[in-house]
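With our numbering applied, the sequence shown corresponds to residues 40 to 225, in that order.
Beta carbons are placed, not taken as given, at the ideal position from N, Cα and C, and that holds for glycine.
Input: a single structure, listed below in structure tokens.
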Amino acid sequence: MTRAIILSGPPAVGKSTIARSLADTYNMSCISGGDILKEIARKEGFTPTGDDWWDTVDGMNFLAMREENFDFDRRMDEKLLQICSDGDVVITSYTLPWLTSDAIRVWLECSEDVSARRLQNRDGVDAAHAYKIARDRYRRNRTLYKNNYGFDFGVDNGIFDIIIQTDGKGISQVIREVVEKLDDMI
40 MTRAIILSGP
50 PAVGKSTIAR
60 SLADTYNMSC
70 ISGGDILKEI
80 ARKEGFTPTG
90 DDWWDTVDGM
100 NFLAMREENF
110 DFDRRMDEKL
120 LQICSDGDVV
130 ITSYTLPWLT
140 SDAIRVWLEC
150 SEDVSARRLQ
160 NRDGVDAAHA
170 YKIARDRYRR
180 NRTLYKNNYG
190 FDFGVDNGIF
200 DIIIQTDGKG
210 ISQVIREVVE
220 KLDDMI
């Protein structure tokens, strides 16, 4: 059985797209931490739909609940840890790389400007709104994880096995770079 591969990085860096490609390449399952968190949100009465839900008023309201009650994130992380320990899976998660060393951990880096442009293209919002979303989500998640787990998201990157800078690169180029590095590790 192959170890798990965990992808992390800032919002709109391409984690989901790259995870699906890696899962196909290595014949693994693909699990999104965000999808598990959306399941938890549904149980709390929210109606999460689409990749852009996190950036809606509804999504931000759920983030506010998470900031007040970290149990939502703990439940998601417990489920992800179990899935990770089973292996043969590609997982996208903001937190999991800091919670387990039993996986290949990949950090996908991009600047705030690139994140905002990708959000703008993906979600069809204007540039100023996309920039605000990128900055707010990153800042609020970083604070959430620092307060509850003690790591500095996006700063404490020494735990990663692979770090790929994605600025100025197309998705296929980033996928090739990740695969080249993974092929040496799997």
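Asked	Found
Start and end residues, alpha helix (DSSP H) containing CYS149	Note, CYS149: premise wrong, no alpha helix (DSSP H); not H, not E.
8 Å contact criterion, which TYR65 and ILE225 should meet: CB distance rounded	7 Å
Cβ contact (3+ pairs, closer than 8 Å) linking the segment 69-79 and the segment 101-118	yes
Contact set for ALA51: own chain, Cβ-Cβ below 6 Å, skip 5 residues either direction	SER154, ARG157, LEU158
Per DSSP, cross-strand counterpart(s) of ALA43	ALA142
Minimum C-alpha distance to GLY193 - residue among ALA166, ASP162, ARG215, GLU151	GLU151
Neighbour-count burial assignment, ARG215, 16 or more Cβ in a 10 Å radius	exposed
Cβ-based neighbour list, ASP141, same chain, cut-off 8 Å, excluding 5 preceding and 5 following	ARG42, ALA43, CYS123, SER124
Complete runs of the beta strand (DSSP E) confined to the segment 65-115 [at least 3 residues]	68-71
For ASP90 and LYS171, the rounded distance between their alpha carbons	17 Å
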